[in-house]
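4 protein chains.
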Amino acid sequence: MTKAISDSNNSIQKVAIIGASGYAGAELVGLLSNHSQAHICHLVVSENSSSEGKLFSDLHGRFKSICDLPLVAFSSAWFDEYAADLDAVFFATPHDFSADWAQAFLDAGVKVFDLSGGFRLKDASDYPKYYGFEHADKNALAKAIYGLAEWQHDDIANANLVAVPGCYPTASLLSLKPLTVNNLVVENSLVVVNGISGVTGAGRNASLATNFNEVSLKAYNVLQHRHQPEISQEADIAVIFNPHIAPYKRGLLATVTLQLNAGVTSAQVDDAFISAYSDKPLVRLVSSWPEIGNVANTPFADIHWKFDEDKQVVVVSCAIDNVLKGASSQAIQCFNIASGLPSEYSLLNKAV
Amino acid sequence: MTKAISDSNNSIQKVAIIGASGYAGAELVGLLSNHSQAHICHLVVSENSSSEGKLFSDLHGRFKSICDLPLVAFSSAWFDEYAADLDAVFFATPHDFSADWAQAFLDAGVKVFDLSGGFRLKDASDYPKYYGFEHADKNALAKAIYGLAEWQHDDIANANLVAVPGCYPTASLLSLKPLTVNNLVVENSLVVVNGISGVTGAGRNASLATNFNEVSLKAYNVLQHRHQPEISQEADIAVIFNPHIAPYKRGLLATVTLQLNAGVTSAQVDDAFISAYSDKPLVRLVSSWPEIGNVANTPFADIHWKFDEDKQVVVVSCAIDNVLKGASSQAIQCFNIASGLPSEYSLLNKAV
Amino acid sequence: MTKAISDSNNSIQKVAIIGASGYAGAELVGLLSNHSQAHICHLVVSENSSSEGKLFSDLHGRFKSICDLPLVAFSSAWFDEYAADLDAVFFATPHDFSADWAQAFLDAGVKVFDLSGGFRLKDASDYPKYYGFEHADKNALAKAIYGLAEWQHDDIANANLVAVPGCYPTASLLSLKPLTVNNLVVENSLVVVNGISGVTGAGRNASLATNFNEVSLKAYNVLQHRHQPEISQEADIAVIFNPHIAPYKRGLLATVTLQLNAGVTSAQVDDAFISAYSDKPLVRLVSSWPEIGNVANTPFADIHWKFDEDKQVVVVSCAIDNVLKGASSQAIQCFNIASGLPSEYSLLNKAV
Amino acid sequence: MTKAISDSNNSIQKVAIIGASGYAGAELVGLLSNHSQAHICHLVVSENSSSEGKLFSDLHGRFKSICDLPLVAFSSAWFDEYAADLDAVFFATPHDFSADWAQAFLDAGVKVFDLSGGFRLKDASDYPKYYGFEHADKNALAKAIYGLAEWQHDDIANANLVAVPGCYPTASLLSLKPLTVNNLVVENSLVVVNGISGVTGAGRNASLATNFNEVSLKAYNVLQHRHQPEISQEADIAVIFNPHIAPYKRGLLATVTLQLNAGVTSAQVDDAFISAYSDKPLVRLVSSWPEIGNVANTPFADIHWKFDEDKQVVVVSCAIDNVLKGASSQAIQCFNIASGLPSEYSLLNKAV
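Protein chains in written order, with UniProt numbering: chain S, 1 to 352; chain P, 1 to 352; chain Z, 1 to 352; chain V, 1 to 352.
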């Protein structure tokens with residue numbers, strides 16, 4: 001693949017963000033504005049978006065003077081004119097858009113980091129059930145790499161199409177995988193994942209459900225949320241997933257309860273987490289139950305657990321920022337890994 | 001006026017609420033459900049409302065089992081069939097609806113308590129400027145009584161058409177009038193009213209502006225808010241009105257700064273407030289700066305002031321619940337007064 | 001028992017509230033101020049409280065002009081002078097105070113409604129472990145009736161000492177008991193109760209942990225919360241209880257996940273809830289996942305459930321106001337039942 | 001002044017933060033951790049602080065792995081051992097500590113950036129009235145430079161002792177000074193500054209007033225807040241300052257109302273702001289009323305104004321993050337300027 005490079009520093013990658021009007025897109029813009037190895041060439045919105053032609057910072061006033069690029073509308077013509085000159089594209093788009101367009105970017109030599117759910121589920125037959133559409137590109141789906149940065153490093157390093165994990169799955173899998181990969185969990189036992197998300201998880205839109213006055217704590221989509229199969233797939237264990245929304249803006253907590261095999265010791269549980277994360281700078285094993293206030297606006301995942309030896313039950317809780325570690329900063333981790341950079345590159349000193 | 005009375009207790013008034021889907025309408029339903037001298041006959045929504053046919057408690061789950069009446073759509077046919085049998089109607093409607101329909105209800109012998117702005121401004125020429133429409137009924141406008149319950153008791157007692165004050169004007173006027181009616185304020189001086197409202201003040205609707213994630217503290221409509229002429233009209237003094245929205249649900253604070261005439265004493269200021277409100281059970285003269293937390297979900301107005309004798313400046317602050325004292329409970333006060341009941345009747349033991 | 005009755009209406013009961021400075025105590029005052037069959041004679045605070053001598057409404061400005069009684073300090077002298085003339089006393093006190101003083105009131109012929117945890121656990125040996133003190137009155141403990149109003153009606157009706165349930169246990173047990181009493185749950189299976197409470201659950205006090213800026217969503221006391229044995233005791237089933245605190249003031253949600261026996265049908269699950277609650281006016285079986293916004297400041301419990309027939313798993317969620325149904329309004333239910341009144345008497349039209 | 005320089009890069013300055021346990025101190029740590037021309041040598045807390053010996057990140061979990069330095073206690077011995085080796089010290093301390101210790105650091109050749117109020121008021125006699133203590137060092141007070149970064153650049157560049165402005169004064173003065181320095185305001189007219197701050201403004205402490213459940217919108221310290229003389233001093237105009245606290249964590253809004261001289265035009269007003277700030281990268285003249293959500297967690301000040309030509313009244317509103325532009329990031333601006341760096345150096349890519 002050859003790219004026309006205008007920069008003198010030829011390691012700087014030219015990127016576009018498709019879907020820059022939403023919260024995940026906006027954070028991508030902020031993170032990439034502060035990334036010395038990436039240059040934002042285009043901010044793109046959907047074809048009929050009312051945001052077309054506005055400045056990014058008109059929509060997201062927080063970023064005024066950080067990034068004042070205009071928002072352009074996606075179209076085939078736009079793709080034909082600009083796509084081939086890119087090194088990477090980030091999709092913060094509807095799920096079916098990703099499914100429809102990922103291969104075209106790949107064919108143009110552009111790496112794709114997809115923050116939608118369009119490439120997360122391996123079983124194409126789950127798409128009609130959980131996403132409401134028939135997946136348009138089962139070939140691309142088969143090639144996509146699940147981008148849980150702390151667990152799929154080598155696959156991501158070689159990937160051209162990365163399915164950036166969902167917010168709940170990120171916190172849930174970071175909690176579950178140390179236990180499941182070490183075979184500590186009783187087979188076929190009930191595994192309960194309770195998730196609680198801030199309202200940014202519902203997206204940037206006009207709806208009565210997200211009206212300030214209407215939002216209050218409640219469960220939703222219990223037993224039918226599309227993140228349930230994603231968690232089960234990647235943890236390789238059936239889970240019951242109970243998502244909740246709570247009245248705050250950013251941050252997500254997953255609290256997981258599991259029955260461990262007879263004879264599993266507290267030390268084995270501790271070892272499972274320590275060995276998984278001691279060399280992962282964006283996962284912090286904290287000494288008390290993690291709180292949203294410590295991870296909001298950061299790329300970190302904070303994890304704590306407690307094991308009841310009488311009952312052989314462990315409870316694990318993981319806190320992340322749903323828009324960062326649960327979306328945009330994890331996408332940057334994937335981009336970094338795929339670019340040969342450290343996973344956390346640029347993320348600890350983020351733009352406002 | 002003769003009404004067909006089916007109730008054995010002929011003092012119970014038959015009422016309807018037009019606009020029962022919004023926040024003010026919902027509180028009216030709650031308050032009237034707990035009012036022993038009123039019986040809710042109809043809950044009405046606008047002609048093309050998506051709420052038509054639903055139960056009131058489907059929209060406002062808080063009131064489930066308190067009031068489960070269906071929402072019916074307003075129409076001329078509805079009016080012809082049901083209006084004449086009512087004793088009173090509450091409008092929690094768009095401003096122009098009130099202007100259009102008040103006289104018809106009056107002609108049918110129904111008292112009108114209008115929570116919209118349709119009858120608040122005396123000068124009809126202000127309607128195009130501040131409300132965006134030409135007032136359709138200048139005759140009715142001339143007859144309407146401004147319903148600031150603590151100040152217009154006798155007028156309200158004899159009124160058939162009451163313009164229930166706006167939320168900001170209620171808190172502002174309760175602060176200003178003791179000073180202006182006693183002629184304590186320097187003529188033509190700058191009078192600054194800073195208002196801060198919770199997000200319910202923006203109504204129950206689907207908009208990006210009221211999305212939970214988008215709401216934060218800011219000024220809005222400064223120097224052009226429609227409550228500025230309403231405050232000036234009723235206080236009989238020009239004011240600068242700076243409204244703000246802040247990230248909480250219910251409650252409104254007005255903080256007013258005025259230059260008092262040379263020679264006015266602290267005792268005169270105190271007397272002005274004490275004489276105005278010592279016999280008003282829903283106005284509490286509190287000993288520290290009033291706070292929203294003490295008035296939210298109550299019909300009270302809390303007032304405190306401080307006078308700087310060096311500068312002859314007084315600052316007055318008044319806190320109310322914008323949906324209750326700033327709308328629905330004040331409407332009930334007006335209804336009570338017009339019905340010969342004490343102003344605060346039923347309000348201190350409100351339904352949930 | 002004979003009481004000197006000064007009221008002409010001899011059905012009005014003379015009550016005192018011990019612990020009127022906290023949130024549960026304050027709500028008791030509000031509820032009893034609006035209760036036509038109760039008369040508040042005394043508001044009492046602990047012996048060395050800084051609140052002694054202040055007016056109740058100085059501490060709780062919301063209730064100014066609703067209740068302006070002074071706060072008096074508890075002491076043996078106070079008890080000797082006033083206790084015997086009471087009909088009922090409400091304890092919103094430290095757990096050990098209840099344990100120490102309940103029998104003395106009982107001996108004086110005063111019914112005791114204890115909102116502390118002092119009489120909730122049947123096994124006295126659990127007190128050192130979960131409450132940090134040796135229970136001082138095991139005789140009284142043996143006689144205390146657990147006051148889950150919808151399930152212990154007949155016992156409460158005949159009780160002199162009622163242990164009003166904790167907030168988490170109330171929501172959890174209302175969710176669990178329809179399933180456990182019908183033997184639908186797999187024996188020895190993992191039962192996970194996730195609880196989320198607003199910050200009022202942490203009490204009214206000065207602490208860094210409850211500082212506005214420090215509060216954020218997190219788990220706490222997992223596997224060691226004192227409500228875990230209370231839930232297990234009353235549901236007669238071992239549970240894992242994961243409590244969380246979230247950044248809002250009032251309301252509590254319990255989301256419970258259970259494995260049901262093979263062959264249990266959706267209809268059986270539905271029947272269990274409907275038969276338990278169809279005649280209980282303060283439990284609302286709602287058609288979508290219950291939300292805090294609908295129960296905050298109300299005496300209701302809202303319940304919804306979903307059954308996955310493939311997995312034989314049911315998830316139940318119950319929302320309550322932690323200070324009302326989780327404390328004070330349930331105490332009033334118990335008082336009503338013990339007084340021969342309907343459980344919900346006076347609660348639907350509460351004081352502000 | 002000669003410093004022992006161990007760094008190979010001799011432009012990197014060695015700094016200490018006195019008062020690292022509070023919110024302003026914590027943000028200083030975060031900002032300086034990300035500042036390539038500063039090296040944090042010591043984090044210091046007060047002599048008897050319970051935080052002594054803990055890690056900074058134990059208090060402020062958000063910064064875990066960003067800065068895990070221990071907190072050491074200030075003492076004369078500490079000063080004697082470490083002060084002389086520093087290039088700069090930041091005081092986020094009680095006001096009287098600054099007054100007591102600034103000169104000692106200056107004598108040791110250490111530049112002092114004082115975030116307390118210890119050196120803000122020029123008139124020493126104001127300290128007993130507004131700060132409750134007699135200023136201990138009137139000589140140092142006379143030398144201190146007020147550090148409003150956009151207005152005192154040259155003075156700060158040459159200063160050794162900088163009084164970093166208060167939060168309210170920063171937002172107020174950025175609003176007022178363009179008008180006052182251009183002599184647009186009517187002499188001796190009423191100038192009203194309404195300020196609204198989030199709860200971080202009340203500091204990090206255990207108090208009932210800042211308990212999550214107790215906080216609600218209210219005015220406080222009206223006509224007697226210590227920022228009133230500070231604003232008047234630096235704007236050279238008497239103001240009435242009405243501070244409010246509102247239920248959110250970070251951010252501060254000042255809304256200022258002024259009477260302008262007859263004949264002043266809208267263009268003159270616009271020019272005053274544009275000429276003041278067009279070359280100031282951290283002040284953004286925004287096209288709609290500024291909102292807290294756009295400045296929280298950023299070093300920006302957003303300003304908007306509206307002029308009523310009929311009344312010759314202008315309203316200006318300025319939003320800042322009270323802990324950043326109102327404290328810590330403005331301190332870094334001062335440090336940058338005094339170090340010959342651009343004012344905004346390092347601030348746009350801040351640590352989490």
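Yeah, the Cβ is synthetic: ideal placement off N, Cα and C, and Gly gets one too.
As the structure is a computational prediction, the values presented were derived from the model and not from experiment.
- Judged by their CB atoms, A73/V and N34/V are not nearer to each other than the 9 angstroms cut-off.
- Checking the DSSP bridge columns, you'll see H60/V has no partner listed.
- As for any alpha helix (DSSP H) of minimum length 4 sitting wholly inside the region 151–207 of chain Z, the runs are 153–157, 167–180, ordered along the chain.
- Contacts between S329/V and chain Z, judged by CB atoms closer than 9 angstroms, are missing: the closest CB pair is about 18 angstroms apart.
- Taking a 10 Å sphere around the C-beta of A262/V, we find fewer than 16 other C-beta atoms and assign the residue as exposed.
- Residue burial annotation: G53/P is exposed, with fewer than 16 other C-beta atoms found within 10 angstroms of its C-beta.
- The region 100–112 of chain V makes contact with the region 76–90 of chain V, as at least three CB pairs between them are under 8 angstroms.
- Look at the beta carbons and you see the region 317–330 of chain V touching the region 12–30 of chain V: at least three pairs across the two are nearer than 8 angstroms.
- For the options L174/Z, I274/Z, L173/Z, S98/Z, the alpha carbon positioned closest to that of A144/Z is the one of S98/Z.
- Within chain S, the residues placing a beta-carbon under 8 angstroms from that of R204/P are L208, N211, N213, E214, ordered along the chain.
- For A136/P, no alpha helix (DSSP H) run applies, since DSSP gives it neither H nor E.
- By the rule that beta-carbons nearer than 9 angstroms mark a contact, S65/P touches chain Z.
- At a cut-off of 9 angstroms between beta carbons, Y168/S makes no contact with chain Z.
- When secondary structure is reduced to three states using DSSP, V269/P falls in the helix class.
- For P165/S, no CB of chain V lies under 9 angstroms from its own CB, so it is not counted at the interface with that chain.
- Here the region 79–88 of chain P does not lie against the region 115–131 of chain P, with fewer than 3 beta-carbon pairs under 8 angstroms apart.
- Between the region 239–247 of chain V and the region 235–250 of chain P there are three or more C-beta pairs closer than 8 angstroms, enough to call the two in contact.
- D68/Z carries a coil assignment under DSSP once its states are collapsed to helix, strand and coil.
- Q37/S: not part of any beta strand (DSSP E); DSSP gives it neither H nor E.
- Not flagged as an interface residue toward chain S: Y130/Z, since no C-beta distance is shorter than 9 angstroms.
- For V199/V, the chain Z residues whose C-beta falls within less than 7 angstroms of its own C-beta are F212, N213, listed in chain order.
- Distance from the CA atom of I156/V to the CA atom of A219/Z, rounded to whole angstroms, is 47 angstroms.
- About 7 angstroms separates the Cβ atoms of L174/V and E150/V, confirming a contact at the 8 angstroms cut-off.
- When secondary structure is reduced to three states using DSSP, N221/P falls in the coil class, being assigned neither helix nor strand.
- Per the coordinates, the alpha-carbon of N194/S lies some 20 angstroms from the alpha-carbon of N294/S.
- Annotation for D100/Z: the continuous alpha helix (DSSP H) segment containing it runs 95–107.
- Looking at the backbone, the Cα of S278/Z and that of S266/Z are separated by about 18 angstroms.
- In the DSSP annotation of this structure, the continuous segment of the beta strand (DSSP E) that includes N242/P starts and ends at 240–245.
- Distance check between V269/P and each of F307/P, K280/P, Y131/P places F307/P closest, using alpha-carbon atoms only.
- By the rule that beta-carbons nearer than 9 angstroms mark a contact, S172/P does not touch chain V.
- Around the beta-carbon of Q152/S, 16 or more other beta-carbon atoms lie within 10 Å, marking it buried.
- By the Cβ-count criterion, E291/V is buried, with 16 or more other Cβ atoms from all chains shown falling within 10 Å of its own Cβ.
- Here the alpha carbon of A108/V sits roughly 14 angstroms from the alpha carbon of A16/V.
- Distance from the CA atom of L69/V to the CA atom of D58/V, rounded to whole angstroms, is 10 angstroms.
- Residue pairing by DSSP places H227/P opposite no residue, since no beta bridge is assigned to it.
- A distance of 9 angstroms or more separates the beta carbons of G251/P and S11/V.
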